[in-house]
Amino acid sequence: MILLHTTGRILRQLRHDRRTVAMLVAVPTLLLTLLYFMYDGQPGVFDHIALIMLGVFPFIIMFLITSIAMLRERTTGTLERLLTTPLRKTDLLFGYGLAFGVAAAVQAGFASALAYLVLDLDTQGAAGYVVMIAVANAVLGMALGLLASAFAKTEFQAVQFMPVLAVPQLLLCGLFVPRDLMAGWLQAISDVLPLTYAVEALQEVGAHAEPTGTMWRDFAIVAGAVVVALVAAAGTLRRRTP
Amino acid sequence: MTSAIEVADLVVHRGARPVLHGLSCTIPEGSVTGLLGPSGSGKTTLMRAIVGVQVVRSGTVTVLGRPAGDAKLRSQIGYLTQAPSVYADLTVRENARYFAALYGLGQSEADAAVRDVGLEQAGSQLVGNLSGGQRSRASLACAIVSKPKVLVLDEPTVGQDPVLRDELWAQFRGLAENGSTLVVSSHVMDEANRCDRLLLIREGSLIADDTPAAVKASAGTDDLDQAFLTLIRRQGVPAPRAAGETSEVPS
Numbered sequence: 001m002i003l004l005h006t007t008g009r010i011l012r013q014l015r016h017d018r019r020t021v022a023m024l025v026a027v028p029t030l031l032l033t034l035l036y037f038m039y040d041g042q043p044g045v046f047d048h049i050a051l052i053m054l055g056v057f058p059f060i061i062m063f064l065i066t067s068i069a070m071l072r073e074r075t076t077g078t079l080e081r082l083l084t085t086p087l088r089k090t091d092l093l094f095g096y097g098l099a100f101g102v103a104a105a106v107q108a109g110f111a112s113a114l115a116y117l118v119l120d121l122d123t124q125g126a127a128g129y130v131v132m133i134a135v136a137n138a139v140l141g142m143a144l145g146l147l148a149s150a151f152a153k154t155e156f157q158a159v160q161f162m163p164v165l166a167v168p169q170l171l172l173c174g175l176f177v178p179r180d181l182m183a184g185w186l187q188a189i190s191d192v193l194p195l196t197y198a199v200e201a202l203q204e205v206g207a208h209a210e211p212t213g214t215m216w217r218d219f220a221i222v223a224g225a226v227v228v229a230l231v232a233a234a235g236t237l238r239r240r241t242p
Numbered sequence: 001m002t003s004a005i006e007v008a009d010l011v012v013h014r015g016a017r018p019v020l021h022g023l024s025c026t027i028p029e030g031s032v033t034g035l036l037g038p039s040g041s042g043k044t045t046l047m048r049a050i051v052g053v054q055v056v057r058s059g060t061v062t063v064l065g066r067p068a069g070d071a072k073l074r075s076q077i078g079y080l081t082q083a084p085s086v087y088a089d090l091t092v093r094e095n096a097r098y099f100a101a102l103y104g105l106g107q108s109e110a111d112a113a114v115r116d117v118g119l120e121q122a123g124s125q126l127v128g129n130l131s132g133g134q135r136s137r138a139s140l141a142c143a144i145v146s147k148p149k150v151l152v153l154d155e156p157t158v159g160q161d162p163v164l165r166d167e168l169w170a171q172f173r174g175l176a177e178n179g180s181t182l183v184v185s186s187h188v189m190d191e192a193n194r195c196d197r198l199l200l201i202r203e204g205s206l207i208a209d210d211t212p213a214a215v216k217a218s219a220g221t222d223d224l225d226q227a228f229l230t231l232i233r234r235q236g237v238p239a240p241r242a243a244g245e246t247s248e249v250p251s
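In order, the protein sequence lines correspond to chains A and B.
The first sequence maps to residues 1 to 242 in full-length UniProt numbering.
The second sequence maps to residues 1 to 251 in full-length UniProt numbering.
Okay, here's the thing in structure tokens:
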């Protein structure tokens, strides 16, 4: 119950911030539209990039939002106060997971609707799987954001963890250079980065009409990475501080 | 009278700086205890230790028969931090309802707490849009919403209008009469007269632990401000363990 109340509280905070809600919905759709015109006349290229972007936007945006939200909980004292109440650490962490998962589903829903219905995105597999993977990516971004916020003392530091933790994953996920063309050591790094599997899962949906075993395996890896990041984040929540 | 809180030989360092030096005190159940002392004297640190969020170096803090910070105490303790710790992007009522929900309480209890701190009119306003005094009352509402057995309030009346301050003290008294134990820190000496007991802290050590009347009697004055000064002087300034630090005199 406390978990659901916490989820509700986080969503209510989001709802009061109309501009953030508007940007959550509008920014990915605008960027997809931009991609559409950039690759005007090259539908194959657009399909390839837009599909991956549908998964990457929620990852980056939720990373940023969560790391700032959690930092605020720390700096305004609400975290310390929460930890003196019967709330369990998992109530808080999974509360964030659920709330931002819902926000990500709305965001991915709008972005996918635009991509498929207006921008003629073409994938072999169903759009529903794209949304599912996009939500998993958002939750991954959220979990890493929660973890990163523990190492930031100010908002300035928190936002800089985005390039540290998110950009390398983006560079090495196979979007810019196909993974099998990378140097061996780069591939090895790419192998341990969760976004790599998220992108591969999306590419599977793009290339196959039915969900493949690889897609489900990749999805499970992303989910596993979420759990690992959340457990690590729980370790950073200390009830007693110096 | 049984004791709600027992502090024995409490030593706390924050960073390299010793903040509490072997402090001991006993706080009786169902009482309002005032924690007085200048800024930086260790009031907040003692309160944090009672709530169980402070890393302590040595000594023990026992609350309702359990070590401070014990999981079973979390449903029985309320803590108001000095800086208002509420969500600025939620309304007053939403904040109170969320904290009520953490204790398994519903909206009616939350709305009652908002009423108790005199914020009924501002209930649907975002906390971020309130004045400083209102914001700290919103935070207070979240601390008293569960009517906890032990309520630790760090400067709850700072910046409040005198009429409201009077009403808040009546609330505190009412909670104590219903069996809650309150620890209230303050800078304002006239508030000290409303307490059952006073703990005067200076540079991390207790210099008095008695009823307001007894504190005044032992200092031979009717004015608490003056009594505090007399007690400090009697201890001999500067305090020996805080050598090198700037010593503060209470205002």
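Ideal placement from N, C-alpha and C gives every residue a C-beta, glycine not left out.
Here the structure is a predicted model, which means the values were calculated and not measured.
List the residues of chain A whose Cβ lies closer than 7 Å to the Cβ of residue i, in chain order.
| i | result |
| --- | --- |
| Ala83 (chain B) | Gly77 |
| Val51 (chain B) | Thr84 |
| Gly69 (chain B) | Arg239, Arg240 |
| Glu94 (chain B) | Arg12 |
| Ile77 (chain B) | Thr84 |
| Arg74 (chain B) | Thr84, Thr85, Pro86 |
What does residue i pair with, by DSSP beta-bridge criteria?
| i | result |
| --- | --- |
| Pro67 (chain B) | B:Thr62 |
| Ile5 (chain B) | B:Ile27, B:Val63 |
| Thr241 (chain A) | B:Gln54 |
| Arg202 (chain B) | B:Ser205 |
| His13 (chain B) | B:Pro18 |
| Arg234 (chain B) | Answer by DSSP bridge pairing: none, since Arg234 (chain B) is not bridged. |
| Leu80 (chain B) | B:Leu153 |
| Arg197 (chain B) | B:Thr33 |
| Leu126 (chain B) | B:Thr91 |
Let's see if you can read the secondary structure: which residues bound the alpha helix (DSSP H) around residue i?
| i | result |
| --- | --- |
| Ser75 (chain B) | Run containing Ser75 (chain B): none; DSSP gives neither H nor E here. |
| Glu191 (chain B) | 189-192 |
| Arg135 (chain B) | 132-144 |
| Arg15 (chain A) | 2-16 |
| Val231 (chain A) | 213-236 |
| Lys216 (chain B) | 212-219 |
| Asp166 (chain B) | 162-177 |
Between residue i and residue j, how many whole angstroms is the CB-CB distance? I'm expecting something under 8 Å.
| i | j | result |
| --- | --- | --- |
| Ala152 (chain A) | Ala158 (chain A) | 4 Å |
| Met142 (chain A) | Phe100 (chain A) | 4 Å |
| Gly55 (chain A) | Leu202 (chain A) | 5 Å |
| Gly125 (chain A) | Val199 (chain A) | Contact doesn't hold; Cβ gap of about 14 Å is too wide. |
| Val222 (chain A) | Pro178 (chain A) | Contact doesn't hold; Cβ gap of about 20 Å is too wide. |
| Asp154 (chain B) | Leu80 (chain B) | 6 Å |
| Ile144 (chain B) | Gly52 (chain B) | Their Cβ separation, rounded to whole angstroms, is 19 Å, which puts Ile144 (chain B) and Gly52 (chain B) out of contact at 8 Å. |
| Ala4 (chain B) | Pro28 (chain B) | 7 Å |
| Ser67 (chain A) | Phe156 (chain A) | With 8 Å as the limit, Ser67 (chain A) and Phe156 (chain A) do not qualify as a contact, their Cβ atoms being about 12 Å apart. |
Could you pull the start and end residues of the beta strand (DSSP E) that residue i belongs to?
| i | result |
| --- | --- |
| His21 (chain B) | 17-28 |
| Gly34 (chain B) | 32-36 |
| Ser186 (chain B) | 181-186 |
| Asp154 (chain B) | 150-154 |
Could you work out which residues of chain B lie near residue i, taking near to mean beta carbons separated by less than 8 Å?
| i | result |
| --- | --- |
| Gln13 (chain A) | Tyr87, Asp89, Leu90 |
| Leu48 (chain A) | Sequence inspection shows His at residue 48 (chain A); the Leu mentioned does not correspond to that position. Going along chain B, no residue has its Cβ under 8 Å from His48 (chain A), so there is no contact; the nearest lies around 39 Å. |
| Glu80 (chain A) | Val53, Thr81, Ser85 |
| His5 (chain A) | Tyr98, Ala101, Leu102 |
Starting from residue i, find everything on chain B with Cβ-Cβ shorter than 9 Å and list it in chain order.
| i | result |
| --- | --- |
| Ile2 (chain A) | Ala101, Leu102, Gly104 |
| Asp17 (chain A) | Asp89 |
| Arg9 (chain A) | Tyr87, Leu90, Glu94, Asn95, Arg97, Tyr98, Ala101 |
Below 8 Å on C-beta distance, what does residue i contact in chain A?
| i | result |
| --- | --- |
| Glu29 (chain B) | In chain order: nothing, as chain A lies at least about 20 Å away. |
| Leu126 (chain B) | His16 |
What in chain A is Cβ-close to residue i, meaning under 9 Å?
| i | result |
| --- | --- |
| Arg14 (chain B) | Pro242 |
Taking 7 Å as the cut-off, is the C-beta of residue i nearer than that to any heavy atom in the ligand FAD?
| i | result |
| --- | --- |
| Leu193 (chain A) | Ligands in the displayed structure: none, and consequently the ligand FAD is not present. |
* To do: At 3 residues or longer, and completely inside the segment 85-121 of chain B: list those beta strand (DSSP E) runs for me, N to C.
  => none
* What runs of the alpha helix (DSSP H), each 4 residues or longer, lie entirely inside the segment 30-106 of chain A? -> 43-75, 78-82
* Those runs of the alpha helix (DSSP H) which lie wholly inside the segment 120-199 of chain A and span at least 4 residues -> 127-149, 155-165, 167-172, 184-191
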